[in-house]
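Take a look at the structure below.
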Amino acid sequence: DVRVLLHLSELLVHNSCSEVASLISLPELMGSWLRDVLPQGTAATHAAIFVAGLGCGAVACSAAQVLVGSSSSASSSAAEDLQKARDRFERKLQKYRRQAQERLHWAAVDKEVLGLQPRLWMEVLDRDHRYATLLYDYWRRWQLSDTSNHFFEWLEVGQGSLIDLPHAPRRLLDEWRVIYLRKEQNPVFRVKMEEETGRFLWEADNMPVTLPLSALKPRSGTKPSTDREREVATILEPSLQLAIRRDSLLCAARKEVQRAKDAREVPAQARLSAIAEPLVQEGLLCQLRDPHFRERLDAAPTSNGHAHLRNMTSLPKELLPDLGWGDFLAAIEHDLGLSMATPLPQGEARAEGKGIFVLDSFGLLHCGTKIRGLFHHSSFVRGHCVKVAGGITITDGWLKELSPHSGHYQPGTEHVDEMIGQWKEHGVDFSDVVIRPFSK
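Quick look at the structure:
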């Protein structure tokens, strides 16, 4: 693998393309980042790092080809060499993408189907189906701990139950439980295509599909009006209402704390406790109640170095002494998810997201609105295999945009081409459809 990257570097330098040769540092940077976020010593790590290098190499070759083509001194043989190198890199890139995505032959349909991305399997294995992206952060922390408990025991009743990571708030880990549809719920998300027109219709009521739409107010800000919309709301609302209620409590507390801070009010313990009480009842504000909050975030520097923390088996209800308004604001913003790489929308805006679709292993099409942490591609099929998954935009039944990629499933070109061909046979007109790249 290293020899391939070195060969590309030598090829670019040989052609005096210093601007492009500088791109060779990108694989090293991306590889360093990937080593930090992926499990060590796994085939997935090595494949991902090499894919990063291959991707950058392909970009570098493309740029080099443009530069060489624009130079009067560039020879045709050099351009051919660059094109061959680019083609070779793209073939290897596709190869490693296929290896990184679990694929298997599904005997029931005699077709190759896609399994979940390997790191997302813990979402399926978790009885509560907590959002895999957050679970993974806590799993990484568990790997570094000095515990003898298995992961879920450590997370739920062990020392992990007291940890609240800055980039993966505990509030969201406990709240984001991905909905896995039961068999009887699945039909309300199923979509068919009108044979004559290629129009997308909900199978449950033959109404034209429009996506994305808010799960709570699907029709121009109004409440659900059809039986299908009401059933969808019944499935999604309980989880959404929990998030909305907590957001409301946190935002109200933030306003009160900010007013007190601006007025230079003394942060008396009784005043702080009164504001915090409804939030503590919801299990929030962990960092204002845990004297070892910062210490828990990192692994113990020595073996059994966190033994003294085991004396505390649960967080106290009382706030720590000597807190200020700034401490309170920081804790609220943490619980709102504002310290995450991608901050969350708040309140009813949580119900709004992009349109998503899944073509399951039997060829049935399911569509809905993605709700971060609650409703994803895996929701339609309960984490099972699919043929294709991605983003979709439909207006009044007419397909407008297709983004055939997903965080849970990574379809290849051959899967997408087959699906598009089948849709065309059903009358779908792709002449005005925007098709996004197959990878993020």
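In the working numbering, the protein residues as written are -17 to 422. From the three backbone atoms N, C-alpha and C, an ideal C-beta is built for every residue, glycine too. This one's a predicted model, so the numbers in the text were calculated from it and none came from an experiment.
Which residues does DSSP list as the beta-bridge partners of residue i?
| i | result |
| --- | --- |
| Thr377 | Trp380 |
| Trp184 | Val173 |
| Cys349 | Phe339 |
| Phe275 | The partner list for Phe275 (beta bridge, DSSP) is empty, contrary to what the question assumes. |
| Phe357 | Ile353 |
| Val416 | Glu383 |
| Ala150 | Leu147 |
| Pro260 | In DSSP, Pro260 forms no bridge with anything. |
| Arg159 | Arg112 |
| Pro283 | According to DSSP, Pro283 bridges with nothing at all. |
| Ala67 | Paired residues: none, contrary to the question. |
| Pro190 | Leu183 |
Using the Cα positions of residue i and residue j, report the straight-line distance between them to the nearest angstrom.
| i | j | result |
| --- | --- | --- |
| Arg17 | Glu334 | Note that Arg17 scores a pLDDT of 44, beneath 50, so its modelled location is shaky; the value from the coordinates is reported in the next line. So the two alpha carbons sit approximately 33 angstroms from each other. |
| Gly319 | Asp69 | 43 angstroms |
| Lys165 | Gly265 | 33 angstroms |
| Ile374 | Pro386 | 8 angstroms |
| Ala60 | Pro419 | 29 angstroms |
| Arg241 | Pro249 | 12 angstroms |
| Asp63 | Glu396 | 27 angstroms |
| Gln81 | Glu213 | No answer about Gln81 holds up, because its pLDDT of 43 lies below 50 and its placement is not dependable. |
| Ala313 | Pro327 | 18 angstroms |
| Met401 | Val370 | 8 angstroms |
| Asp280 | Leu267 | 19 angstroms |
| Leu311 | Gly142 | 24 angstroms |
| Ile417 | Pro393 | 14 angstroms |
| Gln83 | Tyr391 | Summary for Gln83: the model assigns pLDDT 48, below 50, so the residue's position carries little reliability; its value from the coordinates is reported in the next sentence. Approximately 7 angstroms between the Cα atoms of the pair. |
| Leu261 | Arg101 | 32 angstroms |
| Asp108 | Tyr162 | 12 angstroms |
| Arg271 | Trp136 | 20 angstroms |
| Ser7 | Ala67 | The predicted model places Ser7 with a pLDDT of 43, which falls under 50 and marks its position as unreliable; any figure quoted below should be read in that light. Taking the straight line joining both Cα atoms gives about 18 angstroms. |
| Val106 | Gly140 | 21 angstroms |
| Pro298 | Gln167 | 40 angstroms |
| Thr324 | Ser58 | 46 angstroms |
| Asn131 | Gly308 | 36 angstroms |
| Gly355 | Asn293 | 33 angstroms |
| His366 | Gln263 | 37 angstroms |
| His274 | Pro220 | 33 angstroms |
| Tyr113 | Gln65 | 42 angstroms |
| Phe134 | Gln269 | 22 angstroms |
| Arg276 | Thr129 | 18 angstroms |
| Asp110 | Trp103 | 13 angstroms |
| Lys237 | Glu407 | 56 angstroms |
| Glu211 | Lys243 | 44 angstroms |
| Pro206 | Glu259 | 35 angstroms |
| Phe344 | Leu384 | 20 angstroms |
Under 8 angstroms by Cβ, that's how I've got residue i and residue j pegged, so tell me the actual separation to the nearest angstrom.
| i | j | result |
| --- | --- | --- |
| Val368 | Asp342 | 5 angstroms |
| Leu231 | Ile353 | Leu231 to Ile353, Cβ: 20 angstroms. No contact. |
| Ala197 | Ala215 | 6 angstroms |
| Gly372 | Ser388 | 5 angstroms |
| Lys329 | Asp229 | For the record, residue 329 in the displayed sequence is Gly; it is not Lys. Confirmed, Cβ separation roughly 5 angstroms. |
| Gly409 | Thr179 | 6 angstroms |
| Asp317 | Pro151 | 6 angstroms |
| Gly379 | Leu183 | 6 angstroms |
Looking at C-alpha atoms only, which residue of the options is the closest neighbour of residue i?
| i | options | result |
| --- | --- | --- |
| Pro363 | Ile374, Val340, Leu381 and Trp380 | Reading off the sequence shown, one finds Val at residue 363, where the question assumed Pro. Among Ile374, Val340, Leu381 and Trp380, the Cα nearest to that of Val363 is on Val340. |
| Thr295 | Glu247, Leu163, Glu138 and Ala252 | Glu138 |
| Arg246 | Gly306, Val370, Ala252 and Pro260 | Gly306 |
| Gly337 | His358, Phe344, Asp317 and Gly329 | His358 |
| Leu424 | Ala252, Ser321 and His366 | Nothing about residue 424 can be read from this structure; the chain reaches only from -17 to 422. |
| Asp414 | Trp124, Glu238, Thr377 and Leu297 | Thr377 |
| Leu254 | Glu300, Leu116, Thr115 and Leu102 | Glu300 |
| Leu381 | Pro325, Arg181 and Pro151 | Arg181 |
| Gln404 | Thr129, Asp110 and Glu177 | Glu177 |
| Ala235 | Thr115, Pro151 and Glu315 | Glu315 |
| Ser285 | His111, Thr208 and Ser127 | Ser127 |
| Cys233 | Ile257, Pro220 and Lys406 | Ile257 |
| Ser321 | Glu211, Gln65, Glu259 and Arg153 | Arg153 |
| Gln125 | Arg332, Leu384, Ala282 and Phe344 | Ala282 |
| Arg332 | Trp103, Phe344, Lys199 and His111 | Lys199 |
State yes or no: is the C-beta of residue i nearer than 8 angstroms to some heavy atom of the ligand ADP?
| i | result |
| --- | --- |
| His387 | With respect to small molecules bound, the structure shown includes none, and the ligand ADP cannot be examined in it. |
If contact is defined by three or more beta carbon pairs under 8 angstroms, each pair taking one atom from either stretch, is the region 150 to 160 in contact with the region 224 to 238?
yes
Between the region 284 to 302 and the region 185 to 193, are three or more C-beta pairs nearer than 8 angstroms?
no
May I ask you to verify whether the region 141 to 151 touches the region 106 to 124, counting CB pairs closer than 8 angstroms and requiring at least 3?
yes
Are at least three pairs of beta-carbons, each pair with one atom in the region 343 to 350 and one in the region 161 to 179, less than 8 angstroms apart?
yes
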